[in-house]
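Residue numbers (our numbering): 788 to 1106.
In this text, a Cβ means the ideal position worked out from N, Cα and C, and glycines have one as well.
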Ligand code: CP
């Protein structure tokens, strides 16, 4: 593995989960692997889990870590080529990226969808410039269209908690006051396709995701019907994807909030969310605090996910 920008790059999922299990049980077994190697983590957007878990994963592997917040302390970066740089951005990404590459062995990048241009977002303009110009392996710490470290942690978590071989996993849209990217739901749908799970996506009309990610999933517009018999409820908000509505909030209908009455329709399902979560918008206090909520073990598995991926990159580095 030279880059990690999609869960599909993890290879055989069963083998990857076995490696993750080893990493979880032996977190400090590979301290020598990362010695004198540096991970540079670049954040264009805020983060709690990704920042902490990826850093912890690198430290467990004996790596050095540098964290750079582009919007706090670094020069403001121009990202468009051909722009006359007479505004408030004194540095261009095309110089900044190779300089960043000189200071590390692996680069992690967080760059959300901007919702200014669907084409730019879905072409991963920022992430791909890092891949092209840094000269170093690049891992996505959530880009415009995918969040593979989150997806890998989600799949590890489902494998740990599932009680039947082929669980019914339901990804449900839930309301949120702001426009959120489609990266997590896209990536989750992409990852579920690597499993044999039954997969249902439920959302209000108008919130259809890019079919490139959701092909093969059952789309059910009746949330209650979707919940029937589910073993896992994966809640997430996302902004509209289709047509002129790209990046827009079409609904904040709180009848879509995940509550105990809906969870009662499931087969005693586990509740999952990538966090951060808006309580009593996405999910009620009662559900997220219930014994069937596994949002914290899910977040803890972000360390395992990142460590497994970094380990693979380090193992392949000199090949
Ligand atoms: N789930 C997740 O990526 O959380 P952060 O945005 O806090 O990193």
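Rounded separation between residue i and residue j - CA only
{"i": "residue 873", "j": "residue 1027", "result": "34 Å"}
{"i": "residue 864", "j": "residue 957", "result": "39 Å"}
{"i": "residue 812", "j": "residue 876", "result": "46 Å"}
{"i": "residue 882", "j": "residue 922", "result": "13 Å"}
{"i": "residue 1038", "j": "residue 994", "result": "9 Å"}
{"i": "residue 1078", "j": "residue 959", "result": "20 Å"}
{"i": "residue 894", "j": "residue 1013", "result": "39 Å"}
{"i": "residue 1000", "j": "residue 964", "result": "24 Å"}
{"i": "residue 974", "j": "residue 822", "result": "31 Å"}
{"i": "residue 1093", "j": "residue 816", "result": "15 Å"}
{"i": "residue 854", "j": "residue 834", "result": "12 Å"}
{"i": "residue 899", "j": "residue 970", "result": "8 Å"}
{"i": "residue 979", "j": "residue 1064", "result": "22 Å"}
{"i": "residue 1069", "j": "residue 920", "result": "39 Å"}
{"i": "residue 871", "j": "residue 861", "result": "20 Å"}
{"i": "residue 837", "j": "residue 1089", "result": "7 Å"}
{"i": "residue 953", "j": "residue 946", "result": "10 Å"}
{"i": "residue 935", "j": "residue 928", "result": "8 Å"}
{"i": "residue 795", "j": "residue 981", "result": "8 Å"}
{"i": "residue 884", "j": "residue 818", "result": "28 Å"}
{"i": "residue 1067", "j": "residue 1041", "result": "8 Å"}
{"i": "residue 1097", "j": "residue 1010", "result": "38 Å"}
{"i": "residue 897", "j": "residue 809", "result": "27 Å"}
{"i": "residue 868", "j": "residue 858", "result": "20 Å"}
{"i": "residue 1062", "j": "residue 940", "result": "12 Å"}
{"i": "residue 843", "j": "residue 1104", "result": "20 Å"}
{"i": "residue 1109", "j": "residue 998", "result": "Only positions 788 to 1106 of the chain appear in the structure, and residue 1109 is not among them; the question remains open."}
{"i": "residue 949", "j": "residue 1084", "result": "14 Å"}
{"i": "residue 800", "j": "residue 987", "result": "20 Å"}
First and last residue of the uninterrupted alpha helix (DSSP H) at residue i
{"i": "residue 966", "result": "Here residue 966 belongs to no alpha helix (DSSP H), and DSSP marks it neither H nor E."}
{"i": "residue 939", "result": "935 to 948"}
{"i": "residue 1050", "result": "1047 to 1050"}
{"i": "residue 909", "result": "905 to 909"}
{"i": "residue 1069", "result": "No alpha helix (DSSP H) contains residue 1069, which DSSP labels as neither H nor E."}
{"i": "residue 795", "result": "No alpha helix (DSSP H) contains residue 795, which DSSP labels as neither H nor E."}
{"i": "residue 1062", "result": "Per DSSP, residue 1062 belongs to no alpha helix (DSSP H) and is neither H nor E."}
{"i": "residue 846", "result": "836 to 847"}
{"i": "residue 1084", "result": "1082 to 1103"}
{"i": "residue 880", "result": "880 to 889"}
{"i": "residue 1028", "result": "Segment: none, residue 1028 is in no alpha helix (DSSP H) and carries neither H nor E."}
{"i": "residue 1014", "result": "1010 to 1014"}
{"i": "residue 863", "result": "Note, residue 863: premise wrong, no alpha helix (DSSP H); not H, not E."}
{"i": "residue 812", "result": "800 to 812"}
{"i": "residue 1000", "result": "998 to 1001"}
Identity of the residue in the options nearest residue i by Cα
{"i": "residue 1055", "options": "956, 1043, 998 and 1018", "result": "1018"}
{"i": "residue 996", "options": "1032, 857, 1047 and 1050", "result": "1032"}
{"i": "residue 1073", "options": "1058, 1062 and 1010", "result": "1058"}
{"i": "residue 1006", "options": "998, 989 and 954", "result": "989"}
{"i": "residue 932", "options": "943, 910 and 941", "result": "910"}
{"i": "residue 1008", "options": "1000, 819, 991 and 809", "result": "991"}
{"i": "residue 917", "options": "930, 802 and 905", "result": "930"}
{"i": "residue 901", "options": "880, 913 and 892", "result": "913"}
{"i": "residue 1030", "options": "840, 904 and 801", "result": "904"}
{"i": "residue 824", "options": "1100, 948, 891 and 866", "result": "891"}
{"i": "residue 985", "options": "897, 839, 1016 and 802", "result": "1016"}
{"i": "residue 1086", "options": "810, 809 and 839", "result": "839"}
{"i": "residue 1080", "options": "981, 1100, 1103 and 1047", "result": "1047"}
{"i": "residue 1052", "options": "942, 827 and 955", "result": "955"}
{"i": "residue 924", "options": "886, 998, 789 and 1105", "result": "789"}
{"i": "residue 1101", "options": "829, 800 and 820", "result": "820"}
{"i": "residue 887", "options": "805, 797, 841 and 856", "result": "856"}
Residue i CB to nearest heavy atom of the ligand SAH below 6 Å
{"i": "residue 837", "result": "Of the ligands one can find in the structure shown, namely the ligand CP, none is the ligand SAH."}
First and last residue of the uninterrupted beta strand (DSSP E) at residue i
{"i": "residue 988", "result": "985 to 989"}
{"i": "residue 1006", "result": "1005 to 1007"}
{"i": "residue 917", "result": "No beta strand (DSSP E) holds residue 917; the alpha helix (DSSP H) holding it covers 912 to 920."}
{"i": "residue 926", "result": "925 to 927"}
{"i": "residue 1125", "result": "This structure gives no information on residue 1125, because the portion of the chain shown stretches from 788 to 1106."}
{"i": "residue 897", "result": "893 to 897"}
{"i": "residue 855", "result": "851 to 856"}
{"i": "residue 827", "result": "825 to 830"}
{"i": "residue 959", "result": "955 to 960"}
{"i": "residue 1058", "result": "1057 to 1059"}
Whole-Å CB distance - residue i paired with residue j, under 8 Å assumed
{"i": "residue 1020", "j": "residue 1050", "result": "7 Å"}
{"i": "residue 972", "j": "residue 1023", "result": "5 Å"}
{"i": "residue 938", "j": "residue 977", "result": "7 Å"}
{"i": "residue 791", "j": "residue 926", "result": "4 Å"}
{"i": "residue 961", "j": "residue 1044", "result": "6 Å"}
{"i": "residue 807", "j": "residue 1082", "result": "The Cβ separation is near 19 Å, so there is no contact."}
{"i": "residue 851", "j": "residue 814", "result": "The pair is not a contact, with the Cβ atoms about 18 Å apart (cut-off 8 Å)."}
{"i": "residue 802", "j": "residue 1095", "result": "That belief does not hold up - the Cβ atoms of residue 802 and residue 1095 are roughly 11 Å apart, past 8 Å."}
{"i": "residue 826", "j": "residue 845", "result": "4 Å"}
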